[in-house]
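Line order of the protein sequences matches chains D and B. Residues in the first sequence are numbered from 1 upward in steps of one, following the working numbering. Residues in the second sequence are numbered from 1 upward in steps of one, following the working numbering.
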Amino acid sequence: MLYAEKLFQRYKKPLFKGKIIKSNKDEEIKIATEENVVCGDRIKVYVKLEKGKVKDAKFEGSGCVISMGSADLLMENIIGKDIKNVRKMKDEDIIKIIGFTPDPARMHCATLALKALRKIL
Amino acid sequence: MVEAMISKRIKEDFPIFKRKINGRRFIYLDNAATSQKPIQVINAITKFYKFYNANIHRGIYKVAEEATEMYENSKEKVKDFINAKEKAEIVYVRNTTEAINFVALSLGEKVKKGEKIVVSKMEHHSNLVPWQILAKRKKAKLEFVEVKDFEIDINDFEKKVKGAKIVALTHVSNVLGTINDARTLAKIAHENDAYFLLDGAQSVPHMKVDVKKLDCDFLAFSGHKMLAPFGIGVLYGKKEILEEMQPILGGGDMIKECNFLRCSWNELPYKFEAGTQNIGGAIGLSAAIDYLKKLGMEKIQKHEEELTKYALKLLEDEAGVETYGPKKRSGIISFNIKGIHAHDVASFFDKEGIAIRAGHHCAMPLVREVLKQSAVARMSFYFYNFKEDVDTAIEAIRKLKREFSE
């Protein structure tokens, strides 16, 4: 096994891949893109915010197992959380969420989605 | 037949191949990034630091004179290796990038507003960014020769070279493995009164490069890609052109006479070598050239050609594998496996003890805009790679495909 099973499964069958489209004008939806210049991975994250919490989260993009699997697991993790707690998330939290410590050269793959989130939260 | 030419025992010269990576034999297929170092080179450097360590060109004592002689001998060897006219044409720098920047900064002073600099769309960032900076500084135009079927489009070059002041092209593409016809390109550049710089980073370590035959005005290459240590590189320049160029670094050893207001420059190549040089590096490079010459550049080229042909055939027969580059090429093969990111390929290869490179290989515009890929995996060979290394790589691709299809 190349990576953690959970991560690899989510890469192959993501549960949070897609867009969030505004269904009424009062909804607060934020979108951010992030790019990894080293490997060319690109990600677009969508979050729906409500009463200080993340109501929904999705992502679109293409990339490696670590970047895409991490994004999927991160989206799942933040749904229902207080925005201020998501804001506090560190790179080490990603390691806990994905259940795997990437080699130093691949750490930036794991944190790609988090970097995108930091732009909007 | 190939393997009869270079014996597999050559690996014994390279201490690093005694290592096990993840319990496996270490297979090094990232030679376009840097080469491994044979014990002969390591010993030469150690010997210098142990017994001959002194600064050069100044000391009036035996060890300093010996060190100076070793440094000068190293230049003599480089001169012969690329068939330059004189030692004065060999300037030591850190690497290819520094050599190209050097030309962009010094020769670049001759470029006037609105004049044209021409590079191709297959350049490494090292032969792109220095010209972007120059173009911006001088308000000059930077133009790009198209790449067609993984080769420099010669018709497009003939159009774009018109009115160019400087043409800077790679000899061998570090992504595609394309071997450009440097002699023809130099001839066309000269017919149009342009200076011609050749980026030899991927050619000089792998084939006989003769600056007289190619008639390039400048040749830039790195020692570390040809068995020598990091931090020593070469800028070759035709003497008459170097003579008219101004130094870009001032300091010790590059001046002839100096008063508080002005100096006159030392003779070539010293006017371009300010301050204490990488003497240990130069001695390492000298030993590296000895090693390569003993083996023979033609033999190296032939060995790599056969190995590349063998690898290409296997890769092309492998379902879902796409390779990028012309049929006839140097030992560089960029590829992708359908549905698997290049970085996942590289990580998996690493688990199997195989070192390859993945990404845009410092040629982002080429990978993105010409190949239309976000990243590619790359295997690159040297004379110490054999068919069994390729076989292990192919086996790794098969295993990886199985893992991703489950």
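Backbone N, C-alpha and C define an ideal beta-carbon position, used for all residues, glycine too.
With 16 or more other CB atoms across the displayed protein chains lying within 10 angstroms of its CB, B:V91 is buried. Residue B:K160 holds the alpha-carbon nearest to the alpha-carbon of B:E115 among B:K160, B:D80, B:S126, B:T96.
Look at D:I66: its C-beta is under 9 Å from a C-beta on chain B. When C-alpha distances from B:M207 are compared across B:M70, B:F81, B:K351, B:I56, the shortest belongs to B:F81. Under the 10 Å beta carbon count, B:S126 is surrounded by 16 or more other beta carbons and is classified as buried. Here the segment 104-124 of chain B makes contact with the segment 166-174 of chain B; the two share three or more CB pairs at distances below 8 Å.
The segment 309-328 of chain B makes no contact with the segment 66-76 of chain B; the number of CB pairs closer than 8 Å stays below 3. Here DSSP, grouped into helix, strand and coil, assigns D:C109 to helix. For B:S222, the pairing in a beta bridge is given by DSSP as B:G233. For D:Y46, no CB of chain B lies under 9 Å from its own CB, so it is not counted at the interface with that chain. For the segment 147-179 of chain B, the set of residues with a beta-carbon nearer than 8 Å to any beta-carbon of chain D is empty. D:R10 has a beta carbon lying at 9 Å or more from every beta carbon in chain B.
Taking 9 Å as the CB threshold, B:L400 lines the interface with chain D. Of the residues B:A358, B:K338, B:V211, B:S334, the one whose Cα lies closest to the Cα of B:K79 is B:V211. Taking a Cβ-Cβ cut-off of 7 Å, B:H361 has no neighbours in chain D, whose nearest Cβ is about 11 Å from it. With contact defined as three or more Cβ pairs closer than 8 Å, the segment 74-90 of chain D and the segment 48-55 of chain D are in contact. If you draw a straight line from the Cα of B:G250 to the Cα of B:H57, it comes to about 17 Å.
The three-state reading of DSSP puts B:Y291 in helix, counting H, G and I together.
Within the segment 334-346 of chain B, H341, A342, H343, D344 place their CB atoms closer than 8 Å to a CB of chain D, listed in sequence order. In the DSSP assignment, B:R183 falls within the alpha helix (DSSP H) that extends over 182-191.
Ranking B:N180, B:V172, B:D215, B:G200 by CA distance to the CA of B:A186 puts B:D215 first. Comparing alpha-carbon positions, the option among B:H361, B:N83, B:F383 lying closest to B:F218 turns out to be B:N83. A check of alpha carbon separations from B:H343 across D:L112, D:G69, D:G63 identifies D:G63 as the nearest.
Within the segment 50-66 of chain D, the residues whose Cβ lies closer than 9 Å to any Cβ of chain B are, in chain order, S62, G63, C64, V65, I66. Cβ contact annotation for B:E151 (same chain, cutoff 7 Å, sequence separation greater than five): T178, P326, in chain order. Look at D:G40: its C-beta is under 9 Å from a C-beta on chain B.
Per DSSP, D:V45 is one residue of the beta strand (DSSP E) stretching across 41-50. The distance from the Cβ of B:H360 to that of D:G99 is about 30 Å, inconsistent with a contact at the 8 Å cut-off.
CA-to-CA, the gap between B:I337 and B:V147 works out to about 23 Å. Closer than 9 Å at the C-beta level to chain B, one finds no residue of the segment 73-98 of chain D. Interface with chain B (9 Å Cβ-Cβ cutoff): D:L121 is excluded. Against chain B, the CB of D:D26 has no partner CB under 9 Å away; the residue lies outside that interface. Taking 3 residues as the minimum length, the beta strand (DSSP E) runs contained wholly in the segment 267-347 of chain B are 321-324, 332-337, in order along the chain.
At a cut-off of 9 Å between beta carbons, D:L2 contacts chain B. Looking at D:F8, D:I31, D:E5, the one whose alpha-carbon comes closest to that of D:A113 is D:I31. Listed along chain B, the residues sitting closer than 8 Å to D:R106 by beta-carbon distance are H343, S347.
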